[in-house]
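Numbering (the working numbering), first residue to last: 124 to 569. Just so it is clear, CB atoms sit at the ideal spot from N, CA and C, and this is done for glycine as well. Quick caveat: nothing in here was measured; it's all calculated off a predicted structure. Here the structure comes first, spelled out in structure tokens, and everything after it is commentary.
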Amino acid sequence: MSSTAPIKVSGLNHAFGKGDLRKQILFDITTEIPEGEIVIVTGPSGSGKTTLLTLVGALRSAQEGSIEVLGEQLRGAKPRTLEKVRRQIGYIFQQHNLLGALTSLQNVELGLRVTGRFSRSELQHRATAMLEAVGLGDRMHYKPGQLSGGQRQRVAIARALVGEPAMLLADEPTASLDKQSGRDVVERIKSLAKEKGTTILLVTHDNRILDIADRIVHLEDGRLSTFTDAVIENNQRMMQTLADNRNKQPLDELVAALDEPGFKDLLQQITSDSQRFQEATTLANDVAFKSMLRQGLFAFNRKLGQLLNADRASLFIVEQDSLVLRVAEDIEKMGEVRIPLGSGIAGAVAHSGESIRIDDAYADPRFNQDVDQQTGYRTRSILSLAIKDRSGKVFAVAQLLNRRDGQPFDQGDEERFADFIQSIGVILETLEGLSVHQATPRHQAP
Ligand SMILES: Nc1ncnc2c1ncn2[C@@H]1O[C@H](COP(=O)(O)OP(=O)(O)OP(=O)(O)O)[C@@H](O)[C@H]1O
Ligand SMILES: [Mg+2]
124 MSSTAPIKVS GLNHAFGKGD LRKQILFDIT TEIPEGEIVI VTGPSGSGKT
174 TLLTLVGALR SAQEGSIEVL GEQLRGAKPR TLEKVRRQIG YIFQQHNLLG
224 ALTSLQNVEL GLRVTGRFSR SELQHRATAM LEAVGLGDRM HYKPGQLSGG
274 QRQRVAIARA LVGEPAMLLA DEPTASLDKQ SGRDVVERIK SLAKEKGTTI
324 LLVTHDNRIL DIADRIVHLE DGRLSTFTDA VIENNQRMMQ TLADNRNKQP
374 LDELVAALDE PGFKDLLQQI TSDSQRFQEA TTLANDVAFK SMLRQGLFAF
424 NRKLGQLLNA DRASLFIVEQ DSLVLRVAED IEKMGEVRIP LGSGIAGAVA
474 HSGESIRIDD AYADPRFNQD VDQQTGYRTR SILSLAIKDR SGKVFAVAQL
524 LNRRDGQPFD QGDEERFADF IQSIGVILET LEGLSVHQAT PRHQAP
């Protein structure tokens with residue numbers, strides 16, 4: 124990834140305590156977060172999320188490994204450097220850290236003052252606007268002690284955002300908010316990220332907001348994994364525990380034969396496994412999981428294009444008697460692309476179930492030039508494959524356009540494409556099964 128990523132962590136270890144009391148909390152954390160990306164960190168209580176956040180935020184000194192934030196190496200950094208990094212970060216903490224003697228307005232102004240960028244009147248103007256934006260226009264002059272937990276949280280959020288920081292670190296920002304306020308807050312955070320290119324690292328247990336993330340990472344026992352890996356691993360572990368115990372001997376015999384420590388171990392193992400399982404599966408049932416699958420699909424699609432040296436890759440879904448473009452670069456800009464079954468190349472593939480390879484699209488009478496005309500793209504070569512469901516029915520079409528070296532797609536490309544498309548098909552099918560397209564904004568054809 125680019126050398127300018129605002130967060131680059133590599134081989135980071137962290138322990139608390141000394142000697143016999145030393146306990147390692149983070150193990151070999153390596154990750155990179157590009158500018159403007161929203162990354163959500165999930166994970167059980169005590170897994171090290173806050174510790175990681177405070178390390179990235181230059182609020183705790185790094186012991187081992189490398190941690191580069193906003194272009195500065197934090198490990199072994201001088202206090203001046205740490206201070207410089209901190210000035211560019213907005214923080215929202217689990218505990219709000221508002222100053223009790225100051226009003227909401229003054230607390231938020233303080234968030235701006237540290238940047239040293241604004242005049243007094245500008246300070247007040249911006250702080251007022253931000254408080255209004257979080258719905259506290261009528262609580263400007265209240266002190267934290269006179270506010271509810273959720274209102275205090277919103278003051279803290281206003282304070283963190285008001286200086287338009289390069290980076291936002293948020294620890295459970297929606298913890299004390301009701302569903303709607305929580306949603307409002309994350310939408311605000313998200314629009315900040317997208318408008319200003321703010322990089323965001325956000326810790327949350329709140330499944331309802333996972334969908335704002337560009338990426339979700341999971342911390343468990345101090346180790347980082349991708350969210351999907353975590354779900355899969357936890358499901359497997361649970362199945363394994365159940366299978367192990369069932370295979371060995373009936374559970375009551377097994378339990379009867381155990382001594383006390385052995386019994387305790389087993390109980391602990393089963394409860395912690397089932398907690399993890401529940402955590403993983405409730406996440407899996409969540410809208411956010413679908414949203415992540417959908418993002419995955421776009422990412423896989425792009426990767427597939429790259430691997431097969433194609434300029435474009437896209438996926439169409441069969442809907443009644445037409446094909447609808449579901450995954451493509453710039454799909455948001457394209458408007459709805461809908462092709463009658465049997466029409467055009469993709470339509471022909473959907474109709475027959477047979478793959479089609481074309482060297483020169485404009486020389487082929489089946490090729491429909493409308494989409495090119497709509498998008499200003501110039502299609503030359505095409506490789507189009509049917510994706511079938513378990514019953515053998517075509518439910519989608521995958522398509523590659525324009526091999527990058529100018530050559531037509533060949534038999535080898537087709538075989539590799541067919542290989543990959545199986546697994547993409549499974550994801551697509553899962554998604555369609557979960558009917559995620561309700562959550563996908565549909566654009567009207569222009
Ligand atoms: N200052 C400290 N000294 C000693 N141990 C600490 C310290 N801070 C955190 N820990 C321990 O480190 C582990 C990770 O704590 P951390 O606060 O990072 O967890 P977390 O993932 O944020 O949990 P939660 O979801 O409950 O906020 C915990 O076991 C905690 O007891
Ligand atoms: Mg925490």
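Hey, out of the options, whose CA is closest to residue i's CA?
{"i": "A181", "options": "L333, R198, E187", "result": "R198"}
{"i": "G268", "options": "L221, V237, S189", "result": "L221"}
{"i": "P129", "options": "L347, E155, V257, K146", "result": "E155"}
{"i": "A541", "options": "L506, S466, I454, Q274", "result": "L506"}
{"i": "D487", "options": "E477, N136, Y500, S504", "result": "S504"}
{"i": "G194", "options": "I212, S168, E187", "result": "I212"}
{"i": "Q186", "options": "G159, L149, D512, G171", "result": "L149"}
{"i": "L431", "options": "D536, D512, E477, T297", "result": "D536"}
{"i": "A433", "options": "P296, Q522, I468", "result": "Q522"}
{"i": "R209", "options": "M290, I468, R262", "result": "M290"}
{"i": "D329", "options": "H341, R346, G305, D337", "result": "G305"}
{"i": "L214", "options": "R262, I161, L324, K516", "result": "Note on identity: in this sequence residue 214 is Tyr, with Leu being the wrong assignment. Of the listed residues, the one whose Cα sits closest to Y214 is L324."}
{"i": "G465", "options": "A509, A283, V192", "result": "A509"}
{"i": "Q147", "options": "G467, K131, R346", "result": "R346"}
{"i": "H225", "options": "P288, R262, Y500, K317", "result": "Note that residue 225 is Leu in the sequence shown, not His. If we check each option's Cα against that of L225, R262 comes out closest."}
{"i": "A279", "options": "L524, R331, P296", "result": "P296"}
{"i": "E452", "options": "L524, G188, V309", "result": "L524"}
{"i": "A283", "options": "D337, Q217, T498", "result": "Q217"}
{"i": "V257", "options": "I479, I454, A519, G273", "result": "G273"}
Would you kindly work out how many angstroms separate the C-alpha atoms of residue i and residue j, rounded to a whole number?
{"i": "R68", "j": "Q196", "result": "Examination of residue 68 is not possible in this model, given that the chain is present from 124 through 569 alone."}
{"i": "V231", "j": "T322", "result": "21 Å"}
{"i": "V450", "j": "T127", "result": "29 Å"}
{"i": "K201", "j": "A293", "result": "24 Å"}
{"i": "V179", "j": "R527", "result": "40 Å"}
{"i": "S227", "j": "R249", "result": "13 Å"}
{"i": "G134", "j": "G171", "result": "15 Å"}
{"i": "K371", "j": "S445", "result": "For K371, the predicted structure reports a pLDDT of 48, less than 50, and the residue's modelled location is therefore unreliable. A value from the coordinates is still provided. Distance between the alpha carbons of K371 and S445: 53 Å."}
{"i": "R277", "j": "L259", "result": "8 Å"}
{"i": "N136", "j": "S168", "result": "18 Å"}
{"i": "R425", "j": "G166", "result": "29 Å"}
{"i": "T153", "j": "G223", "result": "38 Å"}
{"i": "E158", "j": "I335", "result": "16 Å"}
{"i": "V281", "j": "I190", "result": "It should be pointed out that residue 281 corresponds to Ala in this sequence rather than to Val. Straight-line Cα distance between these residues: approximately 28 Å."}
{"i": "V192", "j": "K319", "result": "18 Å"}
{"i": "L551", "j": "F421", "result": "11 Å"}
{"i": "E160", "j": "K131", "result": "13 Å"}
{"i": "R369", "j": "A380", "result": "Note that R369 scores 45 on pLDDT, short of 50, meaning its location in the model is unreliable and no value can be drawn from it."}
{"i": "D307", "j": "R338", "result": "20 Å"}
{"i": "D482", "j": "T498", "result": "20 Å"}
{"i": "K511", "j": "R240", "result": "59 Å"}
{"i": "G515", "j": "D344", "result": "43 Å"}
Can you have a look at residue i and say buried or exposed, based on whether 16 or more other CB atoms are within 10 angstroms of its CB?
{"i": "V237", "result": "exposed"}
{"i": "P463", "result": "exposed"}
{"i": "E459", "result": "exposed"}
{"i": "L144", "result": "exposed"}
{"i": "R461", "result": "exposed"}
{"i": "H341", "result": "buried"}
{"i": "G286", "result": "buried"}
{"i": "R275", "result": "buried"}
{"i": "S437", "result": "buried"}
{"i": "G467", "result": "buried"}
{"i": "G548", "result": "buried"}
{"i": "G428", "result": "buried"}
Could you pull the DSSP bridge partners for residue i from this structure?
{"i": "R480", "result": "L506"}
{"i": "I339", "result": "I163"}
{"i": "E442", "result": "S445"}
{"i": "K511", "result": "V517"}
{"i": "T154", "result": "V132"}
{"i": "M290", "result": "I212, T322"}
{"i": "K146", "result": "F139"}
{"i": "R262", "result": "BP columns for R262 are empty, so no partner."}
{"i": "R183", "result": "Looking at the DSSP assignment, R183 forms no beta bridge with any residue, so it has no partner."}
{"i": "P463", "result": "S445"}
{"i": "E191", "result": "K131, Q196"}
{"i": "L523", "result": "A436, L506"}
Under 8 Å between C-beta atoms, does residue i make it to chain D?
{"i": "V164", "result": "No chain D is part of this structure, which consists of one protein chain only."}
Cβ contact (3+ pairs, closer than 8 Å) linking the region 248–255 and the region 158–177: No: fewer than three Cβ pairs fall under 8 Å.
Please determine if the region 294–308 and the region 138–151 are in contact, where contact requires at least 3 C-beta pairs separated by less than 8 Å. Touching, no.
If contact is defined by three or more beta carbon pairs under 8 Å, each pair taking one atom from either stretch, is the region 431–450 in contact with the region 461–474? Touching, per the Cβ criterion.
Taking contact to mean at least 3 C-beta pairs separated by less than 8 Å, is the region 306–314 in contact with the region 235–249? They do not touch, by the three-pair rule.
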